[in-house]
Amino acid sequence: MSTATDIDVAALVGEMDAVPCEHSQHTVTKLFHDDGPATHYIRAIHPCQPPSHAFAACQKMVNTIRAALTVICGSCGAITTANEAHEILGPVNA
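By the UniProt record's numbering, the letter at position 56 of the sequence shown is numbered 56, and the numbering carries on one by one without gaps.
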């Protein structure tokens, strides 16, 4: 059901820019990152990270987490799996 108060946000603000990957190693480590925009929000759950540390991540980083690949923490140097250090919160543009 539509009403006169329905607002088409896209018509008001135009097309939104793609959200870039915000991971600190995005431009440094291409092994775990691609050139595309962020597709999901991720929260770092590694003990050396603050509990509220969340960021937008590219699809290759999301794939790394889902595959539980071994990674080295850029902050403390611990070796862990990506899914033990990160939690996928949800898609960027849902």
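Even glycine gets a Cβ: it sits at the ideal position worked out from N, Cα and C.
Exposed unless 16 or more other CB atoms sit within 10 angstroms - verdict on residue i
i     : result
Cys76 : exposed
Cys21 : buried
Ile42 : buried
Ala82 : buried
DSSP-derived helix/strand/coil call for residue i
i     : result
Ile79 : strand
Glu22 : coil
Ile45 : coil
His53 : coil
His33 : coil
Test item: CB-CB of residue i and residue j under 9 Å
i     : j     : result
Ile79 : Cys73 : yes
Cys58 : His86 : no
Val62 : Ile45 : no
Val19 : Pro37 : yes
Limits of the unbroken alpha helix (DSSP H) element including residue i
i     : result
Val62 : Gln59 to Arg66
For residue i, the first and last residue of its enclosing beta strand (DSSP E)
i     : result
His86 : His86 to Pro91
Whole-Å CB distance - residue i paired with residue j, under 8 Å assumed
i     : j     : result
Asn56 : Val92 : It is Ala, not Asn, that sits at residue 56 in the sequence shown. Going by Cβ atoms, the distance from Ala56 to Val92 rounds to 6 Å, so yes, they are a contact pair.
Gly90 : His40 : 7 Å
Cβ of residue i within 9 Å of any chain D Cβ
i     : result
Ala68 : Reference to chain D is not applicable here, since this structure consists of a single protein chain.
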